[in-house]
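Residue numbers (the working numbering), protein chains in the order written: chain E, 67 to 260; chain X, 58 to 225; chain W, 600 to 990.
Backbone N, C-alpha and C define an ideal beta-carbon position, used for all residues, glycine too.
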Amino acid sequence: MLNKIAELINKNVSGANAVVNVATDAKCDSSITVEASKILPVVSFLRGNTEMPFNSLHVISGVDYVDYMEVCYMMTHYDLTDPREFILKVKVTDRVNPKLDSIVQVYAAANFQEREVYDMFGITFTNHPDHRRILCPDDWEGFPLRKDYVTQKMYNGMEVYPDSKMNFEDREYIVRQNMIKQAQKASASTESEG
Amino acid sequence: MNTTVHQTGSVKDYFSSLYKGVTSTAKGMWITFKYVWAVKPVSIEYPEVREVLPERARMRLFNDVQNCISCTQCAMACPVDCIYIASEKMPEGSEIKKTSNGQPIRLLLTQFTIDTALCCYCGLCTTVCPTECLTHSHDYEFSQYTIDSMKYDYLAPDVISWRDRIVK
Amino acid sequence: MQTRWDIGEPEAPTINSETEQLKSELLTLNMGPQHPATHGVLRIEIWTDSEIVAHAIPHLGYLHRCMEKHAENLDYRGIIPFVDRLDYLAAMNMEWTYAMTVEKMLGTEVPRRAELLRIITGELQRIASHLMAFGTYALDLGAFTPFLYAFEEREKILRLFEEVSGSRLLYNYIWIGGVWNDWTNEQIERASQFCDTMEEEAKKYHELVSTNKIFIERTANVGVMSLQDCFDYGASGPVLRGSGFKWDLRKNIPYSLYSEFDFDVPVGTGEVGQVGDCWNRYIVRMKEVVESIKIIRQAIAKLEPGPVMGKVPKIIKLPKGEVYVRAECPRGELAFHLVSEEGGKKPYRLKVKSPCFTHVSMLPHIAPGQMIADFVASVGSIDIVLGEVDR
């Protein structure tokens, strides 16, 4: 099925460059990758075509692979006789100022989902009607689900992860015990060498 | 626009909807009214009457330190990292004790603390325990005034004294 | 197609010429974060013209715990307690879907008895969740008594779950590869007894609430979601079925052992109002309770003694790749998108597709033009659980 969809996309959307990623493990799902700049025409083609339409968007999920970020669109077709679904992917290589076209005008479901991807990964969706953070507060710094995310120290004059609420005593005790153990081991090994 | 504006139709409609409203409400009222004497109350008066908890109920954790072999599997299984274990080598010459199911205790347990305020009562730590010394007891009333006192050191004598009550 | 979320000053809806003359500045109201009708900590900013809602903007995130980030630092077994806390009213179904996701990647065979026990617990949980939806929905609309009846029945299910799993709300019962504990014959007997009483109770609820004239007046023709809207917004579950589309994953793309079961998929038919209104979404849930009872009875008849845990390695390591697994939960389709690295002990990424998050995004669309009291009815009818919306 995926090969057919990729063929259809390549035939009808110029420059989409759809490639099927066959899963290396048989138990996993395969997907289709398209050019990031062509996501809007590809999605509107997928919704509007008559041969293999997809009438609903399930979810938009972002994945951070450190070198690049990937945005996965889970396309579904609600049909009683021929239900189908597949994962459509785009790669976003720019980490500093990542940008994608919004697909809200095609699927209304993308409104909240794109806001969530922006909130968690910092990918800006151009032409989004209501482009704000959704789960984190508006003035939160950083994008939590990126792999290089570091929690901010202070937020609105409040300390994030205050020391008084962390159980340092017991942790320190264990660390100290481990250090003693290592020292003992080291001394034992030098003794045996000597 | 999906506002619900009551459609005022003919007089007949008005009275029929009025009739429906009264009868359907009366039907519901009758169901409730039957509860006055026909149905016994199912609620219990808590502090005086207490429910008997099922055998598998997961309440406050208890570690029987005499059976613990310091394997740290519970600390690794814990999803919220609320178990702190430290152990050291047995002093030389001391006899090796055995747990109740026959496993030798090779390490000296120096700390076993559970931060009960963090515990999520998922039961993952008790299932991995090889000697079944870490168990969920049936105590469910253990509120404290400070969050520090929710931290139980299972080597402390006052906590060890729970053992007589919990371990049968 | 036009976008519907222009964030600028919204125009007041013109109802008729009379209100046109009275039109003045819009009033901003905050419904929530602490409001009994929002079922948790949801804040909805409502712009009203007199009593008519012109604009509703949901503000999410009051219960945000970033469970997806937590999951990246936990091993696969340790995630189950966190998954429980997503939809705390249907924790069994959450665990089940998560377990299916990992099992699909791991290639584990689940024993037949475990699958059947999962179906029994999953359907009992569905009944419990729908009872909660029924009770709180009646509470939203001003009827307190149905809530107590619903809780009386729900308590029986919770008690049964407590005996089986050890916990009342957050079970950690369905594990990767099977279920934790086996059910005793006495417990199975009690489940089947519960089915008998529940069938009678369901009839009582219909007399008490569903056919009540006041309830029908409050819910029929209110908050209509057309089928096209549902597809547009990716709605699922009772919301989609209430709009008249006979779609149920258990029937259309059967997972687990559901293909062996004989049950019906109830859809909204618009008996008292029009298809897709609040009453239809409500009645779909109530009919689903009866269907779940059917499934439980069949599953109990199929039960045979056997193991309840499949062969799972002690440390779960998954191959490189990704899976996307969907399952039908009481509130709609839940799905997990799991990405793993080669030999990863922890997920590289775990994305939760929560049905309520999708349904909340429909609120700004259906709100304009409603009375505030009707808007409360609309919010209640999609049966939101904020733990799942905010994750």
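- For lysine 93 of chain E, the C-beta contacts it makes with chain W under 8 Å involve Lys703, Met704, Leu705, Gly706, Pro918, Gly920, Val922, in order along the chain.
- Among the residues facing chain X, aspartate 229 of chain E is not included, as its CB has no counterpart in that chain under 8 Å away.
- In this structure, E:Ser97 is the residue among E:Lys70, E:Asn83, E:Ser97 with its C-alpha nearest to the C-alpha of valine 938 of chain W.
- If you draw a 10 Å sphere on the C-beta of phenylalanine 72 of chain X, you find fewer than 16 other C-beta atoms in it, and that means exposed.
- Within the same chain, and ignoring the five residues on either side of alanine 95 of chain X in sequence, no residue has its Cβ closer than 8 Å to its Cβ.
- Counting along the chain, lysine 231 of chain E sits inside no alpha helix (DSSP H), nor does DSSP assign it H or E at all.
- One finds Phe956, Ser960 in chain W with Cβ atoms closer than 7 Å to the Cβ of phenylalanine 178 of chain E, taken in chain order.
- Arginine 150 of chain E: member of the beta strand (DSSP E) spanning 150-158, first to last residue.
- Identification of residues in the stretch 658-678 of chain W having a C-beta nearer than 7 Å to some C-beta of chain E yields Leu659, Gly660, His663, Cys665, Glu667, Lys668, given in sequence order.
- With fewer than 16 other beta carbons inside 10 angstroms of its own, tyrosine 221 of chain E counts as exposed.
- Annotation for leucine 110 of chain X: His195 place their beta carbon closer than 6 Å to its own, counting only its chain and skipping 5 residues before and after.
- A direct Cα-Cα distance of roughly 52 Å separates histidine 194 of chain E from glutamate 198 of chain X.
- Secondary structure note for asparagine 87 of chain E: its beta strand (DSSP E) is the uninterrupted segment 85-87.
- Contacts between threonine 170 of chain X and chain E, judged by CB atoms closer than 7 Å, involve Asp236 in chain order.
- Counting other Cβ atoms within 10 Å of its Cβ, glutamine 792 of chain W stays below 16 and is therefore classed as exposed.
- Look at tyrosine 202 of chain X: its C-beta is not under 8 Å from any C-beta on chain E.
- The Cβ of tyrosine 832 of chain W sits closer than 8 Å to at least one Cβ of chain E.
- When C-beta atoms of the stretch 133-150 of chain E are compared with those of the stretch 846-853 of chain W, three or more pairs fall below 8 Å, so the two segments count as touching.
- Its chain contains Ser791, Cys794 as the residues whose beta carbon lies nearer than 8 Å to that of arginine 896 of chain W, once the 5 sequence neighbours on both sides are disregarded; these appear in chain order.
- Of all residues in the stretch 796-820 of chain W, those with a C-beta nearer than 7 Å to a C-beta of chain X are Lys803, Glu806, Leu807, Thr810, Asn811, Lys812, Ile813, Asn820, reading in chain order.
- Judged by DSSP secondary structure, cysteine 794 of chain W falls within the alpha helix (DSSP H) whose first and last residues are 784-804.
- Listed in chain order, the alpha helix (DSSP H) runs fully inside the stretch 721-777 of chain W are 744-764, counting runs of at least 4 residues.
- Counting the other CB atoms within 10 Å of its CB gives asparagine 69 of chain E a total below 16, which places it among the exposed residues.
- When DSSP states are grouped into helix, strand and coil, serine 157 of chain X belongs to the coil group.
- Glutamine 123 of chain X and asparagine 158 of chain X have their C-alpha atoms spaced approximately 12 Å apart.
- Of the residues assessed, glycine 872 of chain W falls on the buried side of the cut-off, its CB having 16 or more other CB atoms within 10 angstroms.
- Taking a beta-carbon distance threshold of 8 Å, leucine 154 of chain E does not count as an interface residue toward chain W.
- At least 8 Å separates the CB of glutamate 870 of chain W from every CB of chain X.
- If you keep only unbroken beta strand (DSSP E) runs of at least 3 residues inside the stretch 843-890 of chain W, you get nothing at all.
- In the DSSP secondary-structure assignment, threonine 170 of chain X is bridged to X:Tyr141, X:Asp210.
- The bridge partners DSSP lists for alanine 655 of chain W are W:Ile645.
- Using beta-carbon distances, phenylalanine 681 of chain W does not count as an interface residue toward chain E, since no partner is under 8 Å.
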